[in-house]
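Novice: The opening position of the sequence shown corresponds to residue 18 in my numbering, with each subsequent residue numbered one higher. For each residue, glycine too, the CB sits at the ideal point set by N, CA and C.
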Amino acid sequence: MAAEPQIIELSSVPGFVVFDMPGAATSAGGTRLAPDVSVAEVALLAQAMTYKYGVLGVQVGGAKAGVRGDPADPVGKAALMTRFCAEIRPMADEGRLLTGPDMGTAEEDFALLRENRAVPGAISAVVDGVPFEDVLTGYGVAAAAAAALDGGWDGRCVAIEGFGKVGGGVAREVVRRGGRVVAVSTLAGCVSDPAGLDVEWLLALRREHGDQCVTHYGLPVQPPARLFSVDADVVVPGTRPGAIDARVAGALPASVRVVAPAANVPYTAAGAEVLRSRGVTALPDFVCNSGAVLGYRSAPDAEPAEVLVAVGTTIGELTGELLGHPDGPLIGAFERAASFVRGWWGDPPGPPFAPEG
């Protein structure tokens, strides 16, 4: 029977750390900053990290941290993250907890933790104005989807939920591979164009206006949920857990053949079953978005281009293997990860599905 996760409430900030496998020598996962981040959400994300390391064959437990705050307030964010890093630094220095960027945080927020444990140089790079970690994650999502598409991205189109750091990376890589981005959404709304959106223009608008970039693009702005109604070959859920529940899965247009998540734990169990019954390929989130984890484990002197190639190869090949599972790649990934964890640790937690509703 799997052990219960360990929850450590922090004293210096309104936040917490969750260890999915208490007692593991090393646990790892990002730190999420949001006004409403909850213990339940973070525990689910830590569980997904256990499966991510398991499917990659790495003996590391899943962990995640949550800090309640406003990522749009730079002064307040800086103060929160400084106190957070100072409090968890003993765990980081021991190697018990390895953490880095997640929703609402960036690599520079963790400078205090890097004094004794540096990250590979490529991770700190900026490529075309985008932090390399975000490029890596987006690149991996695009590579996973390409493996599931007959003929790759050429002539195919995608709808991307959450045009933030990672969503922008996905969009840029899809276009580079010959695809079209036909819709993007942010908290401010959704814009779509079947002929394809101008990704570079959107990225420029995002740098200036943040989530309001969609309102400055020049097309009608619809509610964010409209994203899941746009005709596309691929849908990329990229925000909070549970975006693909039974209702959304059942309402996706018939054109959708692949769901390639950028966000963690996008599926509910019922949502995944609806996709399976409709013949839609539900790719495992913890494979699609594993680019940053792979990047953090790259050689210290590896160049960004080398890391990209290695990440694309690993994720593409792993996705290709999982596509051959008789019950689909999502179930295949769950089984593969659980088998590995069982071999070095013991019974893993159950598959990380978000609660319905």
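(1) Between Thr99 and Leu129, which are expected to be in contact by the criterion C-beta below 8 Å, what is the C-beta distance as a whole number of angstroms?
(2) Could you tell me whether the Cβ atoms of Gly312 and Pro137 are closer together than 9 Å?
(3) Locate the beta strand (DSSP E) running through Gln23, then write down its first and last residues.
(4) Taking its Cβ as the centre, do 16 or more other Cβ atoms sit within 10 Å of Pro283, making it buried, or is it exposed?
(5) Which residue or residues does DSSP assign as beta-bridge partners of Val84?
(6) Please classify Leu97: is it buried, with 16 or more other beta-carbons within 10 angstroms of its beta-carbon, or exposed?
(7) Give me the Cα-Cα distance between Pro317 and Val35, rounded to the nearest whole angstrom.
(8) Please state whether DSSP places Pro254 in a helix, a strand or coil.
(9) I'd like the span of the alpha helix (DSSP H) that includes Ala188, first residue to last.
(10) Should the stretch 148–166 be called in touch with the stretch 223–231, which here means at least 3 C-beta pairs below 8 Å?
(11) Please name the residue or residues paired with Tyr284 in a DSSP beta bridge.
(12) According to the neighbour-count rule (16 or more other Cβ atoms, all chains shown, within 10 Å of its Cβ), is Gly308 buried or exposed?
(13) Quick one: any contact between the stretch 242–250 and the stretch 110–130, if contact means 3 or more CB pairs under 8 Å?
(14) Going by alpha carbons, who is nearest to Val143 out of Ala135, Pro321 and Leu73?
(15) Exposed or buried, which one is Asn133 when buried takes at least 16 other CB atoms within 10 Å?
(16) Residues in its own chain within less than 7 Å of Glu449 by CB, not counting five upstream and five downstream?
(17) Touching or not, the stretch 181–200 and the stretch 292–303, by the rule of three or more beta carbon pairs under 8 Å?
(18) By DSSP, does Gln239 sit in helix, in strand, or in coil?
(19) Taking only the alpha-carbon atoms, compute the straight-line gap between Glu58 and Ile24 and give it to the nearest angstrom.
(20) I need the boundaries of the alpha helix (DSSP H) containing Glu104, first residue and last residue.
(21) Do you know whose CA, among Pro211, Ala212 and His233, lies nearest Leu219's CA?
(22) Going by the CB atoms, is the gap between Pro301 and Gly341 shorter than 9 Å?
(23) Going by DSSP, which residues form a beta bridge with Val198?
(24) From which residue to which residue does the alpha helix (DSSP H) around Gly157 run?
(25) Should Val326 be labelled buried (16 or more other beta-carbon atoms within 10 Å of its own) or exposed?
(26) In the DSSP assignment, what residue or residues form a beta bridge with Thr232?
(27) Going by the DSSP bridge assignment, what does Ala299 pair with across the sheet?
(28) Can you name the residues that DSSP bridges to Leu114?
(29) Given Gln76, which residues of its chain have a CB within under 7 Å of its CB, disregarding the five upstream and five downstream residues?
(30) At the level of alpha carbons, what is the spacing between Ala216 and Ala188?
(31) Just to confirm my understanding: we take Phe101, look at its own chain, exclude 5 residues before and 5 after, and list those with CB closer than 8 Å. What are they?
(32) Rounded to the nearest angstrom, how far is the Cβ of Met66 from that of Gly86, given a contact under 8 Å?
(33) Can you have a look at Gly363 and say buried or exposed, based on whether 16 or more other CB atoms are within 10 angstroms of its CB?
(34) Using the Cβ count rule (16 or more neighbours within 10 Å means buried), how would you classify Gly112?
(35) Whole angstroms are fine: how far does the CA of Arg359 sit from the CA of Arg223?
(36) Three-state secondary structure (DSSP) at Thr203?
Specialist: Let me spell this out:
(1) 7 Å
(2) yes
(3) Gln23 to Glu26
(4) Label assigned to Pro283: buried.
(5) Gly32 and Leu50
(6) buried
(7) 28 Å
(8) coil
(9) Lys182 to Arg193
(10) No: fewer than three Cβ pairs fall under 8 Å.
(11) Ile261
(12) buried
(13) no
(14) Pro321
(15) Burial call: exposed.
(16) Any question about residue 449 goes unanswered here, given that the chain covers just 18 to 374.
(17) no
(18) Gln239 sits in a strand when the DSSP states are folded into three classes.
(19) Answer to the nearest angstrom: the Cα atoms are 12 Å apart.
(20) Pro91 to Glu111
(21) His233
(22) no
(23) Val175
(24) Phe149 to Ala165
(25) exposed
(26) DSSP, once it has assigned bridges, lists no residue as partnering Thr232.
(27) Val276
(28) Ser44
(29) Contacts found: Trp361.
(30) One point to set straight first is that residue 216 is Val, not Ala, in the sequence displayed. Distance between the alpha carbons of Val216 and Ala188 is about 7 Å.
(31) Leu27, Ser29, Val30, Gly32, Thr48, Ala82 and Val84, listed in sequence order.
(32) So it is not a contact: roughly 22 Å between Cβ atoms.
(33) Under this definition Gly363 is an exposed residue.
(34) exposed
(35) Approximately 43 Å between the Cα atoms of the pair.
(36) The DSSP-derived three-state label of Thr203 is strand.
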